[in-house]
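Reviewing the structure listed below.
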Amino acid sequence: MPGVINATNDFVVKFANVNGSGSASANQLFAKSILRMGIPIASRNIFPSNIQGLPTWFEVRVSGEGHLGRRGGVDLMVAMNPQTWDRDVAEIDAGGYLFYDSTRPLPRSRFREDINVIGVPLTEMCNAAYTDARQRQLFKNIMYVGALSALLQIDPGVVETLLSEAYKGKEKLAKSNRDAFHMGRDWALANLACPLGLRLERADKVGERIYVDGNSAAGLGAVYGGATVCAWYPITPSTSLAEGFEKYCRRFRTEPDTGKKRYAIVQAEDELASIGIVIGAAWNGARAFTATSGPGISLMQEFVGLSYFAEIPSVIFDVQRAGPSTGMPTRTQQSDVLAAAYASHGDTKHIVLFPEDPNECFQFGADAFDIADRFQQPVFVLLDLDIGMNDWLCEPFAWDDNRRMDRGKVMTAEELEAGKVFGRYLDADGDGIPYRTYPGTHPNKGAFFTRGTSRDRFAKYTEVGAAYVDNMQRLLQKFETAKGVVPHPILRRAAEPTRVGVIYYGSSSAAMQEALTALEAEGIQVDALRIRAFPFHRDVDAFIAEHDTVFVVEQNRDAQLRTLIMNECSIAPQQLIPVLHYDGTPITARFIRAAIGDKVLANKVLPFAGAAAE
Amino acid sequence: MSFLPKPKLHHPRLPVNALGFTRRDYEGAISTLCAGCGHDSISAAIIQACFELDIEPHRVAKMSGIGCSSKTPDYFLGASHGFNSVHGRMPSVLTGANLANRELLYLGVSGDGDSASIGFGQFAHSIRRGVNMTYIVENNGVYGLTKGQFSATSDKGSKAKKGAINTDEAIDLIGIALQLGATYVGRSFSGDKDQLVPLIKGAMRHDGPAFIDCISPCVAFNNHEGSTKSYDFVREHNEAMNHLDVIIGRNPITADYAPGEVRDVQQHDGSVLRLRKLHAEYDPTDRVGAMHHLHERKAAGEIVTGLLYIEPDPQDLHANLGTVARPLNRLGDAALVPGAAALEKLNASLR
Ligand SMILES: Cc1ncc(C[n+]2csc(CCOP(=O)(O)OP(=O)(O)O)c2C)c(N)n1
Ligand code: SF4
Ligand SMILES: [Mg+2]
Numbered sequence: 001m002p003g004v005i006n007a008t009n010d011f012v013v014k015f016a017n018v019n020g021s022g023s024a025s026a027n028q029l030f031a032k033s034i035l036r037m038g039i040p041i042a043s044r045n046i047f048p049s050n051i052q053g054l055p056t057w058f059e060v061r062v063s064g065e066g067h068l069g070r071r072g073g074v075d076l077m078v079a080m081n082p083q084t085w086d087r088d089v090a091e092i093d094a095g096g097y098l099f100y101d102s103t104r105p106l107p108r109s110r111f112r113e114d115i116n117v118i119g120v121p122l123t124e125m126c127n128a129a130y131t132d133a134r135q136r137q138l139f140k141n142i143m144y145v146g147a148l149s150a151l152l153q154i155d156p157g158v159v160e161t162l163l164s165e166a167y168k169g170k171e172k173l174a175k176s177n178r179d180a181f182h183m184g185r186d187w188a189l190a191n192l193a194c195p196l197g198l199r200l201e202r203a204d205k206v207g208e209r210i211y212v213d214g215n216s217a218a219g220l221g222a223v224y225g226g227a228t229v230c231a232w233y234p235i236t237p238s239t240s241l242a243e244g245f246e247k248y249c250r251r252f253r254t255e256p257d258t259g260k261k262r263y264a265i266v267q268a269e270d271e272l273a274s275i276g277i278v279i280g281a282a283w284n285g286a287r288a289f290t291a292t293s294g295p296g297i298s299l300m301q302e303f304v305g306l307s308y309f310a311e312i313p314s315v316i317f318d319v320q321r322a323g324p325s326t327g328m329p330t331r332t333q334q335s336d337v338l339a340a341a342y343a344s345h346g347d348t349k350h351i352v353l354f355p356e357d358p359n360e361c362f363q364f365g366a367d368a369f370d371i372a373d374r375f376q377q378p379v380f381v382l383l384d385l386d387i388g389m390n391d392w393l394c395e396p397f398a399w400d401d402n403r404r405m406d407r408g409k410v411m412t413a414e415e416l417e418a419g420k421v422f423g424r425y426l427d428a429d430g431d432g433i434p435y436r437t438y439p440g441t442h443p444n445k446g447a448f449f450t451r452g453t454s455r456d457r458f459a460k461y462t463e464v465g466a467a468y469v470d471n472m473q474r475l476l477q478k479f480e481t482a483k484g485v486v487p488h489p490i491l492r493r494a495a496e497p498t499r500v501g502v503i504y505y506g507s508s509s510a511a512m513q514e515a516l517t518a519l520e521a522e523g524i525q526v527d528a529l530r531i532r533a534f535p536f537h538r539d540v541d542a543f544i545a546e547h548d549t550v551f552v553v554e555q556n557r558d559a560q561l562r563t564l565i566m567n568e569c570s571i572a573p574q575q576l577i578p579v580l581h582y583d584g585t586p587i588t589a590r591f592i593r594a595a596i597g598d599k600v601l602a603n604k605v606l607p608f609a610g611a612a613a614e
Numbered sequence: 001m002s003f004l005p006k007p008k009l010h011h012p013r014l015p016v017n018a019l020g021f022t023r024r025d026y027e028g029a030i031s032t033l034c035a036g037c038g039h040d041s042i043s044a045a046i047i048q049a050c051f052e053l054d055i056e057p058h059r060v061a062k063m064s065g066i067g068c069s070s071k072t073p074d075y076f077l078g079a080s081h082g083f084n085s086v087h088g089r090m091p092s093v094l095t096g097a098n099l100a101n102r103e104l105l106y107l108g109v110s111g112d113g114d115s116a117s118i119g120f121g122q123f124a125h126s127i128r129r130g131v132n133m134t135y136i137v138e139n140n141g142v143y144g145l146t147k148g149q150f151s152a153t154s155d156k157g158s159k160a161k162k163g164a165i166n167t168d169e170a171i172d173l174i175g176i177a178l179q180l181g182a183t184y185v186g187r188s189f190s191g192d193k194d195q196l197v198p199l200i201k202g203a204m205r206h207d208g209p210a211f212i213d214c215i216s217p218c219v220a221f222n223n224h225e226g227s228t229k230s231y232d233f234v235r236e237h238n239e240a241m242n243h244l245d246v247i248i249g250r251n252p253i254t255a256d257y258a259p260g261e262v263r264d265v266q267q268h269d270g271s272v273l274r275l276r277k278l279h280a281e282y283d284p285t286d287r288v289g290a291m292h293h294l295h296e297r298k299a300a301g302e303i304v305t306g307l308l309y310i311e312p313d314p315q316d317l318h319a320n321l322g323t324v325a326r327p328l329n330r331l332g333d334a335a336l337v338p339g340a341a342a343l344e345k346l347n348a349s350l351r
């Protein structure tokens, strides 16, 4: 007899599906019904870039405690893809459960002795109930949700409500889905020992939170940020960001009377053209952005430098993936940090924002345009595949109706006419930020010729070294000003005073929160600082100075943020201990806890070379 | 509040246009190019065209890539915003600028290296997207700024200054522009102002992708015996298809022609392109015919010039995208930001 995992509101269910079989909406129904019961979940799509065989997995972590990072391990496998059967069965934790379509009998050798097997003759039931091939396929998925609802104690009322919402106005469809759901549910109630050791119990832990992916959220942020021009070239995992922008634009930016669009989206011929279009549009006074991933960032390098030197606002969403182009495009990483921060040739550095979840993707997605206009330079928003392409439970989007676009220093025709001095690269206010004019502003004042450098404060051509240095110093001054304006870091203090600190950012946040809770339970006190932007706020220097040991948690091999901190804050390497996870799967709390906990407990905190956690 | 252009004070006898501007109001900084460079003549033709068209200089955005040719926007229309971008990428920057404000006139200046080599893709895609612009390639068959290497428009068999013979096939940008849907296509020669000025004028009054390939000898690196882009060679082999006059409203009609000798084409904005035919069989509204003729004459060793193709009723990128009439860069918060109530509804749909 296998052991039995018993857990309430705290387990992992993984669905192994064939892509295009209609499983996505059934899995979504499963996930949402748990949320509607007030129980937090974290869900992730896992899909290889190899299209052949089309396997996809959907993992749902149920966490009454509200942990949103990936946990690792599988308690219940819903094995719907014969092609991946062996590896799926192998992945289940001992004492866990295997749910499968038992229509065709399988030899004992295809199972494991230490797991609990639950067979439901889904195909047989479908073939009996439906004649149409497509219906058989689609309703099989809804049927397994029905069976799972009995096994895990999902409230059927919640599922029915979700189905009515999804098929509003299409009562016939809603009814056939309901019927399929109940067919599966009734069969399980009649034929299986329900519930399993894994159970759901209504809770009140979700509150007002929403369930959405980071790419849609960032696209929506760009709509709220006033972006009107988007130029992009398709690349996983960023494609759905541009598509999200388009979807929300169609809804919110179509003129009701004419059907005309208050936006322009160009699918360009490559990433060079994408960023070129962005720069041209922004030069001409529109808010513009592109969305890409690492390989696209590589192609944009020259133009990013132009945007920096010519001081033209540009917003670049980089949804990071594991490199390189022929690498693991469907796996997550935080490995473009340095490529973004120091993009291009010559002395350049750029503003980079690190959202932790879809809520911040929305917020930073809008803020990026204010920041870019204010500082007249590129702003990178670094998402990653994990935040970008997965639905996350996060705080609802919020907007202040009194907020207005901050277009930065733009000199108007009135100001020019009144005789205000205009020097395109003149630091009139002492903050390093010059004034610009939009083309066509005034008949004979305010026009200038845009080029990278080799010009003076009034944009007149010069190759004099002193003028070059003067300009470069002003750019530094501008970067200094930005430190106080970009999203500041967020500090979480341990319960007791401690000399141990940890720095983290982006999508590592969820796993980090969970790891901190676990460490605290073990009596390990760690102060934590979440960095949200580059250039680094003074609080980062202060945090490092306050602690003897500072871990830097990242999802890349080379400790890129650590390098950036060392370089920009003049920190000695031995002060920052890297904790690195970079196999392409999202970082887990177990990993962080082990890496930090073991080192602190053993009290053998090592310098960089030997310490990288594998 | 609007600001009327105020012409500078000039010599009272300088001719003025309808806006009260003299030709000098369309000039820019002093050119730093070699004396005799064809590019300077093209700048002069642009100045003349804008002057004659009564264009308000500040309503033009002049964009370029990198090269001697791409430097020239600094040397004309000093009251216009200019953008010297990166090598071969003017078309994308211009496309973005055009998307932001459809009301300005966009003038893209490029070189043969800029458009036929490093920027061949951007050239092609801006044309096929239908960006409303005047795109001029100042074609000298070499890389002037990097001192005389062959460019992708150098003819096969043509000789470099130091004697090397070009073995690569030349790209004919006119042929590509025709194939990819440019709706105004012309070729001219920097040394033929009478042909070039009206060609630029027609292009600037055209509401779609207008492309001009202007052969422009490089006196420093490609004006020698054996070059096919030298002043002498082009003068000898120039075969003009037509003579163009751009007639705008009040312009007097200057000459009488025999029937069948002239053809009027009315553009979308009301301007009339009066074409005096120099080749009776040539029809500039027939795209396929134009492509065929071009190949035929090229095989005969001629450089075909003139207005080679015109689509009088073009559709541009904005029409394709369905953007609003008001320039996107003038839309404010009310037009762009959906607000808190819409967001609340959206939140509700995500629970
Ligand atoms: C990315 C890049 N590569 C190379 C160069 C060097 N470069 C400057 S101009 C030029 C060629 C320009 O040729 P063309 O466009 O024909 O202009 P011309 O000088 O002949 O008018 C080159 C290769 C550059 N500026 N940028
Ligand atoms: S090098 Fe050639 S193209 Fe450049 S300025 Fe001199 S003549 Fe003109
Ligand atoms: Mg050239």
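Chains A and B, in that order, are what the protein sequence lines are. Position 496 (the first sequence) corresponds to 496 in full-length UniProt numbering; numbering is contiguous. Position 65 (the second sequence) corresponds to 65 in full-length UniProt numbering; numbering is contiguous. The C-beta atom is built at its ideal place from N, Cα and C for all residues, glycine as well.
Give, in chain order, every unbroken run of the beta strand (DSSP E) that is at least 3 residues long and sits entirely within the stretch 270-315 of chain A.
288-292
Is the Cβ-Cβ distance between A:S314 and A:S307 less than 8 angstroms?
yes
By DSSP's criteria, A:D155 is part of a beta bridge. Which residues make up the other side?
Answer is none; A:D155 lacks a bridge partner.
Would you mind working out which of B:H237, B:D313 and B:P338 sits nearest B:R297, comparing C-alpha positions?
B:H237
Within the chosen definition, does the stretch 210-221 of chain A reach the stretch 389-396 of chain A through at least 3 CB pairs nearer than 8 angstroms?
yes
Tell me the residue span of the beta strand (DSSP E) that contains B:S43.
Run containing B:S43: none in the beta strand (DSSP E); it sits in the alpha helix (DSSP H), G38 to E52.
Verify whether the separation of the beta carbon atoms of B:N329 and A:N141 is less than 8 angstroms.
no
Classify A:T161 as helix, strand or coil using the three-state DSSP reduction.
helix
With burial defined as no fewer than 16 other Cβ atoms inside 10 Å of the residue's Cβ, what is the status of B:I30: buried or exposed?
exposed
May I ask you to list the residues that DSSP assigns as paired with B:A210?
B:T134 and B:Y184
Does B:V86 have its Cβ less than 8 angstroms from a Cβ in chain A?
yes
When DSSP builds the beta bridges, which residues end up paired with B:Q149?
B:Y143
Chain C contact for B:F150 (CB, 8 angstroms cutoff)
Of the protein chains in the structure, A and B, none is chain C.
Going by DSSP, what residue range makes up the alpha helix (DSSP H) through A:Q28?
S23 to R36
Looking at the structure shown, is A:V421 part of a helix, part of a strand, or coil, going by DSSP?
coil
So if I threshold CB-CB distances at 7 angstroms, which residues from the stretch 124-141 of chain B count as touching chain A?
H125
In chain B, what lies closer than 7 angstroms to A:V469 by C-beta?
Simply none; closest approach about 21 angstroms.
What do you get for B:H295, buried or exposed, if any count of 16 or more other CB atoms within 10 angstroms of its CB means buried?
exposed
Is A:T348 near ligand 1, with its Cβ less than 7 angstroms from a heavy atom?
no
Just confirm the distance between the C-beta atoms of A:F397 and B:L346, as a whole number of angstroms; I'd bet it's less than 8 angstroms.
7 angstroms
Taking 8 angstroms as the CB-CB limit, is A:M405 close to chain B?
yes
Shorter than 8 angstroms from the beta carbon of B:L350 to some beta carbon of chain A?
yes
Excluding five sequence neighbours on each side, which residues of the same chain lie with their C-beta closer than 8 angstroms to the C-beta of B:P252?
Confidence at B:P252 is low in this model, with a pLDDT of 49, below 50, so the placement of that residue is unreliable and no value is reported for it.
Provide the residue(s) that pair with A:E59 in DSSP beta bridges, ordered along the chain.
A:K14 and A:R44
Exposure label - A:F380; buried when at least 16 CB within 10 Å:
buried
Could you tell me whether the stretch 65-77 of chain A touches the stretch 3-20 of chain A, using the rule of 3 or more Cβ pairs below 8 angstroms?
yes
Any heavy atom of ligand 2 closer than 7 angstroms to the Cβ of A:F362?
no
Beta carbon of B:S43: closer than 7 angstroms to some heavy atom of ligand 3?
no
Roughly how many angstroms separate the alpha carbons of A:I39 and A:A188, rounded to a whole number?
23 angstroms
Give me the Cα-Cα distance between B:R59 and A:T441, rounded to the nearest whole angstrom.
8 angstroms
Taking a contact to mean a Cβ-Cβ separation below 8 angstroms, would you say A:R436 touches A:V469 in this structure?
no
Contacting residues, own chain, Cβ-Cβ under 7 angstroms from B:Y26 (five flanking each side not counted):
I47, C50, F51, P57, F76 and L77
Given a limit of 9 angstroms on CB to CB distance, which residues of the stretch 324-342 of chain B reach chain A?
V324, A325, R326, P327, L328, N329, R330, L331, G332, D333, A335, L336, V337, P338, G339, A340, A341 and A342
Looking at C-alpha atoms only, which residue of A:D558, A:N116 and A:T123 is the closest neighbour of A:L192?
A:N116
Just the Cα atoms here: how many angstroms apart are A:W57 and A:L29?
15 angstroms
Just checking A:A418 against ligand 2 - is the residue's beta carbon closer than 7 angstroms to any of the ligand's heavy atoms?
no
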